[in-house]
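Peer 1: To start, I am sharing the structure in question, which I have written as structure tokens.
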Amino acid sequence: MMWSQQLKERRKHAEHLVEKGLGRVRFVLGRGTLARLERVAPELAGGLREALRSRYAPDERAVVRRIEALRGRLMGDVTPLALVDFGAGKPDAALSAEQMATGTQRTRTVAEMTGASKSPFWAGVLFRLVRTFRPAKALELGTCLGLSAAYQASAQTFNGGGGQVVTLEGAPALASIARTHLAELGIANVEIVLGRFADTLPEVLARGPYGYVFIDGHHDEAATLAYFDQVRPFMTPDGIIVFDDIDYSAGMGRAWKALAVHPAVAVAVDLGRLGVVRLGVREGREAAAHPREGRDPREGRDPREGREAAAHAGAGEVFRMRVR
Ligand SMILES: C[S@@+](CC[C@H](N)C(=O)[O-])C[C@H]1O[C@@H](n2cnc3c(N)ncnc32)[C@H](O)[C@@H]1O
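Structure representation (structure tokens):
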């Protein structure tokens, strides 16, 4: 297919998602998993159900249309950008920690970087997660052109309450373009912090706690595990972390496997491209940590019992859902 034809098709698909919602997407392996998730983490299940099926309300759609009009323009923009990349590079690049810390100089067009941004579908999922969990403070690692930041910040605005998004970017050219894009969209509740994550995170985290973190940059196994450890102490006890590209490379797959069963993770949902975790004590573990012996029998039936029985069904499970 010719490039212009591809561009046209992709724009049409984006338009369809905006107008009709994400609702045409169907879960594969979804129904039973969602029902089990519902018992273990009703809020997260509800949020994902909404995220994956709902339509935008008219006022939301108007905002999303503006973001998608911008994306449409960027998709056809072949202006070259001189970038420094502190990420992991291609899935098979096997860069050393030192190489990533030094950064690699690359030239990429605006259109290519648009392709590296979250698609209208996944950006819509992020939008819905922020709408559902209403974090007072949200953090993103990896701004790029500002498209996912625009979605998440708009969700914060719809939530009311003055919620902000802080987003981190290592490439000055991208941070600067993203700033222009957000201004053009009239989105004022985003702060772009320029620098390597390793350098900027400590100061940004100290301004927490964050109820929601989206990690969409530096897709390296060790780095991803390290960011998880680094951000966790600065999150609300039941905060949400979304990991992008858990299927990017073998290393990212291993990182996700470890994170999903980490003791600090209450619930883990694998959406194929994205991994979503809610922090906290996993229900089954909580039950084990609070044995019922010693409970005063006059208290009657422990209200936790029903919950526990249901929760045991999903304790330790990584909920896998596929969408198409
Ligand atoms: C996939 S893009 C982000 C896309 C964006 N979230 C979106 O969907 O619109 C990842 C971004 O993270 C930045 N990045 C990667 N590793 C980084 C690091 N270690 N420090 C700072 N920025 C980094 C890259 O420059 C790139 O712009």
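Mapping of the sequence shown onto this note's numbering: residues -14 to 309, in sequence order.
By construction, the Cβ of each residue, glycine as well, lies at the ideal position given by its N, Cα and C atoms.
Predicted model, so just to flag it, every value in this text is computed and none were measured.
Could you tell me which residues DSSP puts in a beta bridge with residue 260?
Peer 2: Per DSSP, 228 and 255.
Peer 1: Using 8 Å as the threshold, is the segment 57 to 66 in touch with the segment 256 to 265, meaning 3 or more CB pairs across them?
Peer 2: Short answer: they don't touch.
Peer 1: When you compare the segment 181 to 188 with the segment 138 to 156, are there three or more beta-carbon pairs, one atom per stretch, that lie closer than 8 Å?
Peer 2: Contact between the segment 181 to 188 and the segment 138 to 156 is present, because at least three Cβ pairs lie under 8 Å.
Peer 1: Please classify residue 237: does DSSP put it in a helix, a strand, or coil?
Peer 2: In the structure shown, residue 237 sits in a helix (DSSP, three-state: H, G or I).
Peer 1: Within the continuous beta strand (DSSP E) that includes residue 150, where are the two ends?
Peer 2: 149 to 154 is the span of the beta strand (DSSP E), which, as asked, contains residue 150.
Peer 1: Are the segment 107 to 118 and the segment 84 to 95 touching, with three or more C-beta to C-beta distances below 8 Å?
Peer 2: No, the segment 107 to 118 does not touch the segment 84 to 95.
Peer 1: So, for residue -11: in the same chain, excluding its five sequence neighbours on each side, which residues have a beta-carbon less than 8 Å away from its beta-carbon?
Peer 2: Result list for residue -11: empty, nothing under 8 Å.
Peer 1: Please report the residue range of the beta strand (DSSP E) in which residue 212 lies.
Peer 2: Taken as a continuous stretch (DSSP letters only), residue 212 belongs to no beta strand (DSSP E), being part of the alpha helix (DSSP H) at 206 to 216.
Peer 1: Is it buried or exposed, residue 81, if we count other Cβ atoms within 10 angstroms and call 16 or more buried?
Peer 2: Label assigned to residue 81: exposed.
Peer 1: Can you give the beta carbon distance from residue 130 to residue 159, rounded, assuming they're within the 8 Å contact cut?
Peer 2: The Cβ separation is near 7 Å, so the contact holds.
Peer 1: Taking contact to mean 3 or more Cβ pairs, one atom from each stretch, closer than 8 Å, check whether the segment 36 to 55 and the segment 133 to 145 are in contact.
Peer 2: With a cut-off of 8 Å, the segment 133 to 145 and the segment 36 to 55 count as touching, because enough Cβ pairs lie within range.
Peer 1: Alpha helix (DSSP H) containing residue 105: first to last residue?
Peer 2: That run of the alpha helix (DSSP H) goes 105 to 118.
Peer 1: Quick one: residues in its chain with C-beta nearer than 7 Å to the C-beta of residue 101, no 5 flanking neighbours on either side, listed in chain order?
Peer 2: Excluding sequence neighbours, residue 101 sits near 129.
Peer 1: Pop quiz: residue 150 and residue 168 are said to be a contact at Cβ under 8 Å. What is the actual Cβ separation, rounded to whole angstroms?
Peer 2: The Cβ separation is near 15 Å, so there is no contact.
Peer 1: Going by DSSP, which residues form a beta bridge with residue 125?
Peer 2: BP columns for residue 125 point to 152 and 199.
Peer 1: How long is the line joining the alpha carbons of residue 132 and residue 22, rounded to whole angstroms?
Peer 2: Roughly 30 Å separates the two Cα atoms.
Peer 1: Applying the 10 Å Cβ sphere with the 16-neighbour rule, what's the burial state of residue 227?
Peer 2: Its Cβ being crowded by 16 or more others within 10 Å, residue 227 is buried.
Peer 1: Would residue 198 and residue 126 be called neighbours here (beta carbons separated by less than 9 Å)?
Peer 2: Going by C-beta atoms, residue 198 is nearer than 9 Å to residue 126.
Peer 1: Mapping DSSP to helix, strand and coil, what is residue 52?
Peer 2: DSSP places residue 52 in helix when its eight states are reduced to three.
Peer 1: Helix, strand or coil for residue 305, going by three-state DSSP, please let me know.
Peer 2: Residue 305: strand per DSSP, three-state reduction.
Peer 1: Apart from the five residues just before and just after residue 236, which ones in its own chain have a Cβ nearer than 7 Å to its Cβ?
Peer 2: Same-chain partners within the cutoff: 205 and 206.
Peer 1: Within 8 Å: the Cβ of residue 182 and any heavy atom of ligand 1?
Peer 2: Result yes, Cβ under 8 Å from ligand 1.
Peer 1: When burial is assigned at 16 or more other CB atoms within 10 Å of the CB, is residue 246 buried or exposed?
Peer 2: It counts as exposed.
Peer 1: Taking the alpha-carbon positions, what's the residue 92 to residue 173 distance?
Peer 2: About 29 Å.
Peer 1: How about residue 55: is its Cβ closer than 8 Å to a heavy atom in ligand 1?
Peer 2: Residue 55 Cβ: outside cutoff for every heavy atom of ligand 1.
Peer 1: Going by DSSP, what residue range makes up the alpha helix (DSSP H) through residue 164?
Peer 2: Counting along the chain, the alpha helix (DSSP H) containing residue 164 begins and ends at 157 to 169.
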